[in-house]
Amino acid sequence: MSEIARDYHASTQDDPSEINIEEKTEHIEVVTNHIKRKLHISQQENLNKCITEEQVHKALMSAKPGKAAGLDGIIVEVWQKLHRRYEKDKKQNPEKPTCNIVAMFTTVFNDIETYGICADTTF
56 MSEIARDYHA STQDDPSEIN IEEKTEHIEV VTNHIKRKLH ISQQENLNKC ITEEQVHKAL
116 MSAKPGKAAG LDGIIVEVWQ KLHRRYEKDK KQNPEKPTCN IVAMFTTVFN DIETYGICAD
176 TTF
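Per this note's numbering, the very first residue in the sequence shown carries number 56; after that it's consecutive.
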């Protein structure tokens, strides 16, 4: 039973025959033309800013445990534990470099925002 559900959900995500690109684009255009609300100037400016370590830290630590793993197959609890370990190590020995997962994520997210995703990836 679980295999049937898995195969179904996998096939719905990979099946391009459901709707063609032109039709999908047309549907998106129809829906977005009905949106009347606009962002304020300050909100627009915020969208142009780089993601900060503070924002990444807040998102990481507020993520609820027990959720499904991401595309990398790693559950959020692993990333949270790595960050807590970094904080502990930093306090105990500030001179010793350790892996700052929040800084790493921030760098990656901003790189993707700036340059996009490499065409060779499977994301």
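For glycine and all other residues, C-beta sits at the position ideal for the given N, C-alpha and C.
Can you round the beta-carbon distance between Ile156 and Tyr170 to whole angstroms, since I take them to be within the 8 Å contact cut? In the sequence shown, residue 156 corresponds to position 101, counting from 1. In the sequence shown, residue 170 corresponds to position 115, counting from 1. The pair is not a contact, with the Cβ atoms about 21 Å apart (cut-off 8 Å).
- Own chain residues within Cβ distance below 6 Å of Glu132, not counting five before or after: Reading the sequence shown from its first residue, position 77 is the one you call residue 132. Here the set comprises Pro120.
Out of Ile106, Glu84, Leu115 and Thr176, point me to the one whose CA is closest to Thr49's CA.
The chain is shown from 56 up to 178; residue 49 falls before or after that span and cannot be answered.
message: If I follow the unbroken alpha helix (DSSP H) through Lys113, where does it start and stop?
response: As a first step, residue 113 is located in the sequence shown; it is residue number 58 there, counting from the start. That run of the alpha helix (DSSP H) goes Glu108 to Ser117.
Buried or exposed by the 16-neighbour rule on C-beta atoms within 10 Å, applied to Val163:
Here residue 163 refers to the residue found at position 108 when the sequence shown is read from its first residue. Val163 is exposed by the Cβ-count criterion.
Please report the residue range of the alpha helix (DSSP H) in which Lys146 lies.
By one-based count along the sequence shown, residue 146 stands at place 91. It spans Val131 to Gln147 - the alpha helix (DSSP H) in which Lys146 sits, taken as one unbroken run.
Handout entry: Spatial distance of Asp144 from Trp134 (CA atoms)
Key = Here the question's residue 144 lines up with position 89 in the sequence shown. Here the question's residue 134 lines up with position 79 in the sequence shown. Their Cα atoms are separated by approximately 15 Å.
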